[in-house]
Structure formats: structure tokens, C-alpha cells
Amino acid sequence: MPATNRDVFINCPFDPEYKNFFYAIVFVVIRSGFRARCALEADDASQNRFEKICNIIAECGYGIHDISRTEPDPRHNLPRFNMPLELGVFLAAKRFGIRAQKLKRCIVLDKQRYRYQTFISDIAGQDIHSHEGKQQLLIEELAAWLRNQSRLRNVPGGRKMAREFVSFRRTIPRVCSQRNLHPDELTFGDYVEMVVEYLAVTAA
Amino acid sequence: MAKRKITETSGRDGTLVVKKMAKKRARVAAGSRPSNKAARTTGRYEVAAVTRDGVRILRGKVRPKHFTSKQIRKAIESSLSAKA
Chain A
39 MPATNRDVFI
49 NCPFDPEYKN
59 FFYAIVFVVI
69 RSGFRARCAL
79 EADDASQNRF
89 EKICNIIAEC
99 GYGIHDISRT
109 EPDPRHNLPR
119 FNMPLELGVF
129 LAAKRFGIRA
139 QKLKRCIVLD
149 KQRYRYQTFI
159 SDIAGQDIHS
169 HEGKQQLLIE
179 ELAAWLRNQS
189 RLRNVPGGRK
199 MAREFVSFRR
209 TIPRVCSQRN
219 LHPDELTFGD
229 YVEMVVEYLA
239 VTAA
Chain B
-12 MAKRKITETS
-2 GRDGTLVVKK
8 MAKKRARVAA
18 GSRPSNKAAR
28 TTGRYEVAAV
38 TRDGVRILRG
48 KVRPKHFTSK
58 QIRKAIESSL
68 SAKA
């Protein structure tokens, strides 16, 4: 599957605090020659949300799972279980799925390298990457992993991608203002298209 | 054994054979090869651009809601030229 399947499932929080990280992940995925997929792309109320997520996972050859926000929230004193659940679905698809599903590959990211052992110790033995809550480190880790997966030597390094992302990020408010939109109102489809068009314009 | 003559009505529904033969004739005339599995798999991605370093930028699965691709490109171009 990974040789021809370029779809990457992004499993991370979608709240405003994480938005910059999410935008960085999508940028790195597209810049590395892959296609970004996530639960936000499904906008069909007739379909169950979990079913949508399972369908997207089934179609993706790769997965990026950031479990760094699995921590008790101050209001309910409970952690968010969505990310570990979706990681579990991804690993189960690889374990029990048909031949194509067994070729799935994924990267698991956390704030600290061994923090997961306190709340999801069953995945011990997997190589967990740490971004220490820093955007630059997240981009570098992801770029290195995706370059390794694609085996394309021409994919740039993480530091260059981080610089490109910073200059791309500056164009978002200007593009939105031309349509009388606030950047928070962008849909996942809008953002992906923005990244694609920005890279197309700057590549020319 | 005598060769079975395939007529336009030899298919179960009468039109099936004609359709299949027409498709094959069109394919031969166009000089294209029949599609294979690999071609179909790679064909599901739309390459929007190739960067200077040779990376193929793939278009997303979902379309933008608030803009068209053209509008986004124009806005980015004008934003970049204003910056320069």
C-alpha cells in the first residue's frame, strides 16, 4: 500500500490551541508529496462520525498520531480519548486487516518521549517521537519521517520546510481578507487548497 | 468446430456486445492500452504542481468551500507581489 498510496491520516486535536500545529502538520504532509486526510474532511451528517473516521483510516497508507494532548482537562478532570482511540483503530486495521491494510505505517508523537507509558503503556515497544510542544521540532520530526517513507531524496529537510511554513502562514490573513473571511472560518478543504496553491505559485 | 458468429444481438440484453466492441474499437483507434490496476491507483491523485526540487504536490480530496482554486491562486499571487 505505501508505495502507491499517498494518503496520510492526521489524528490530532482540532481546537484553537493546537491549530498552528495542525496547520504545520498539513503543510509538511503536502510539501513532502503526500495527501493530507483527517476527520474534518467528512461533512456528511447522514453518516456516523466514527464510521467516517474508520473509512478515512481504511483509505490511508500512513498515519500521524499526536497524543500529546491526552491529559486531564481542568473542567472535567478527564483526558481526551479521541486520539488514543483513533490510534487504536489504525493499529487494529494494520493488525487484522487485509493484505493492503497490513502495509500501513504510522508515527506517534507526544510531548515527551516516555510520557505515554503512564497512560497507554500497551504501545510500549513502538518508537514514539517527541516534539516537546515545539512547532519547529514537530516539523523536523515529521519531515524526516515522511522523507524516509517516500524514499524521495529531493524532499527538503525539516528546517527548510519550517521556514517555508512561516512565510506561508503570513499569507493566510491576506488571502482571507480578500474574501471577507476570518482565518478561523477556513474549512479543512480551504486550507489544503491554500497550501497546494501557495506551493504551486512559489514553485513556478 | 465452426466459429460462433457474434452479432449485435448475441449478448443477453442485445446491446451489451455492441457496447463492448465499440469500446474496444475506440481504445484501439486511440492507441491506448487497457487500464491496469497500477494506473488506476496512481490516477486517483491530481498533481497540482511540481516544486523546483521535484516534489509532486497533490491536490486534496475535498474541495475548498469559501474559495475556488483560481481565487486562492490570484490572492496568493497578489499577496506575494505586494510583499515583494
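Chains A and B supply the protein sequences, listed in that same order. If you use the working numbering, the first sequence closes out at 242, no skipped numbers anywhere. If you use the working numbering, the second sequence closes out at 71, no skipped numbers anywhere. Ideal Cβ positions, reconstructed from N, Cα and C, are used throughout, including at glycine.
What residue does the alpha helix (DSSP H) around A/S70 start on, and which one ends it?
-> As a first step, residue 70 of chain A is located in the first sequence; it is residue number 32 there, counting from the start. Unbroken run through A/S70: none, as it is neither H nor E.
Which residues in chain A sit within 9 Å of B/S68, going by Cβ to Cβ distance?
-> For the purposes of this step, residue 68 of chain B is taken as residue 81 along the second sequence, with counting starting at 1. Neighbours of B/S68 on chain A: none; closest Cβ ~10 Å, over 9 Å.
Please report the residue range of the alpha helix (DSSP H) in which A/D228 lies.
-> As a first step, residue 228 of chain A is located in the first sequence; it is residue number 190 there, counting from the start. That run of the alpha helix (DSSP H) goes 226 to 241.
Interface flag, A/G135 vs chain B, CB-CB below 8 Å = Locating residue 135 of chain A in the first sequence gives position 97, counting from the first residue. False, the Cβ-Cβ gap to chain B never drops below 8 Å.
Straight-line Cα distance separating A/R118 from A/P110 | Within the first sequence, the letter at position 72 stands for residue 110 of chain A. Within the first sequence, the letter at position 80 stands for residue 118 of chain A. Straight-line Cα distance between these residues: approximately 7 Å.
Could you give the residue range of the alpha helix (DSSP H) that holds A/L182?
-> Numbered from its first residue, the first sequence carries residue 182 of chain A at position 144. This sequence places Ala at residue 182 of chain A; Leu is not what is there. Segment 173 to 188, the alpha helix (DSSP H) holding A/A182.
Interface flag, A/D222 vs chain B, CB-CB below 8 Å | One-based indexing of the first sequence puts residue 222 of chain A at position 184. Not closer than 8 Å to any Cβ of chain B, the Cβ of A/D222 fails to qualify, so no.
Establish whether the CB of A/M199 and some CB of chain B are separated by less than 8 Å.
-> Along the first sequence, read from residue 1 onward, the residue named residue 199 of chain A stands at position 161. No, no contact with chain B.
A/Y154 bridges to which residues according to DSSP?
-> Translated into the one-based positions of the first sequence, residue 154 of chain A becomes position 116. Answer by DSSP bridge pairing: none, since A/Y154 is not bridged.
Nonlocal neighbours in the same chain, by C-beta distance under 6 Å from A/Y154, ignoring five residues either side | Against the first sequence, residue 154 of chain A aligns to sequence position 116. Result list for A/Y154: D148, I166, in chain order.
Taking the Cβ atom as the reference point for each residue, do A/I63 and A/L237 lie within a distance shorter than 8 Å?
-> Counting from one through the first sequence, the residue named residue 63 of chain A turns up at place 25. Counting from one through the first sequence, the residue named residue 237 of chain A turns up at place 199. Not a contact, by the Cβ cut-off of 8 Å.
Hey, is A/S70's beta-carbon within less than 8 Å of any beta-carbon in chain B?
-> What you label residue 70 of chain A is simply residue 32 of the first sequence in a count that begins at 1. Yes, contact with chain B.
A/R107 versus A/G99, A/P122, A/N218, A/N93, residue with shortest Cα-Cα distance | Along the first sequence, read from residue 1 onward, the residue named residue 107 of chain A stands at position 69. Considering only alpha carbons, the answer is A/P122.
CB of A/P192 within 8 Å of CB of B/V34, strictly | As a first step, residue 192 of chain A is located in the first sequence; it is residue number 154 there, counting from the start. As a first step, residue 34 of chain B is located in the second sequence; it is residue number 47 there, counting from the start. Checking the sequence shown, residue 192 of chain A turns out to be Asn, not Pro. No.
Where does A/Y61 fall in DSSP's three states?
-> Reading the first sequence from its first residue, position 23 is the one you call residue 61 of chain A. Helix, per DSSP.
Residue range of the beta strand (DSSP E) that A/N120 falls in?
-> Numbered from 1 along the first sequence, position 82 holds the residue referred to as residue 120 of chain A. Segment 120 to 134 is the alpha helix (DSSP H) holding A/N120; no beta strand (DSSP E) there.
List the whole-angstrom C-beta distance separating A/I94 from A/V46, where the pair is believed to meet the contact cut-off of C-beta under 8 Å.
-> Here residue 94 of chain A corresponds to residue number 56 of the first sequence, with the count starting at 1. Here residue 46 of chain A corresponds to residue number 8 of the first sequence, with the count starting at 1. About 10 Å separates the two Cβ atoms, so there is no contact after all.
Would you check if the distance between the CB atom of A/G99 and the CB atom of A/K142 is smaller than 8 Å?
-> Here the question's residue 99 of chain A lines up with position 61 in the first sequence. Here the question's residue 142 of chain A lines up with position 104 in the first sequence. Against a cut-off of 8 Å, the Cβ pair of A/K142 and A/G99 comes out as a contact.
Can you find a C-beta in chain B that's less than 8 Å from the C-beta of A/D228?
-> Looking up residue 228 of chain A in the first sequence gives position 190. Yes - at least one Cβ of chain B is within 8 Å of the one on A/D228.
Span of the alpha helix (DSSP H), counted from its first residue to its last, around A/G163 = Within the first sequence, residue 163 of chain A is the residue found at index 125, counting from 1. That residue, A/G163, is in no alpha helix (DSSP H); it is neither H nor E in DSSP.
Three-state secondary structure assigned by DSSP to A/F47 | Residue 47 of chain A sits at position 9 when you count from the first residue of the first sequence. Residue state, collapsed to three classes: strand.
Compute the beta-carbon to beta-carbon distance between A/C92 and A/V146, rounded to the nearest angstrom, for a pair I have assumed lies under 8 Å.
-> In the first sequence, the residue the question calls residue 92 of chain A occupies position 54. In the first sequence, the residue the question calls residue 146 of chain A occupies position 108. Contact doesn't hold; Cβ gap of about 19 Å is too wide.
With DSSP as the reference, label B/L45 as helix, strand or coil.
-> Position 58 of the second sequence, counted from the start, is the residue given in the question as residue 45 of chain B. If DSSP states are grouped into helix, strand and coil, B/L45 belongs with the strands.
Hey, how far is the Cα of B/S68 from the Cα of A/R87?
-> Locating residue 68 of chain B in the second sequence gives position 81, counting from the first residue. Locating residue 87 of chain A in the first sequence gives position 49, counting from the first residue. If I take the Cα positions, the gap works out to 42 Å.
Minimum Cβ-Cβ distance from A/Q187 to chain B less than 8 Å | Residue mapping note: residue 187 of chain A aligns to position 149 of the first sequence, counting from 1. By this cut-off, A/Q187 is not an interface position.
Inter-residue spacing [alpha-carbon to alpha-carbon] between A/E89 and A/A80 = In the first sequence, residue 89 of chain A corresponds to position 51, counting from 1. In the first sequence, residue 80 of chain A corresponds to position 42, counting from 1. If you draw a straight line from the Cα of A/E89 to the Cα of A/A80, it is about 10 Å long.
Hey, how far is the Cα of A/F59 from the Cα of A/N186?
-> By one-based count along the first sequence, residue 59 of chain A stands at place 21. By one-based count along the first sequence, residue 186 of chain A stands at place 148. Taking the straight line joining both Cα atoms gives about 21 Å.
In angstroms, rounded to a whole number, what distance separates the CA positions of A/S215 and B/I63?
-> By one-based count along the first sequence, residue 215 of chain A stands at place 177. By one-based count along the second sequence, residue 63 of chain B stands at place 76. Roughly 11 Å separates the two Cα atoms.
Opposite A/C76 in the DSSP bridges: which residues?
-> Position 38 of the first sequence, counted from the start, is the residue given in the question as residue 76 of chain A. Partner(s): none; A/C76 has no beta bridge.
DSSP three-state call for A/D53: helix, strand or coil?
-> As a working note, residue 53 of chain A is residue 15 in the first sequence. DSSP places A/D53 in coil when its eight states are reduced to three.
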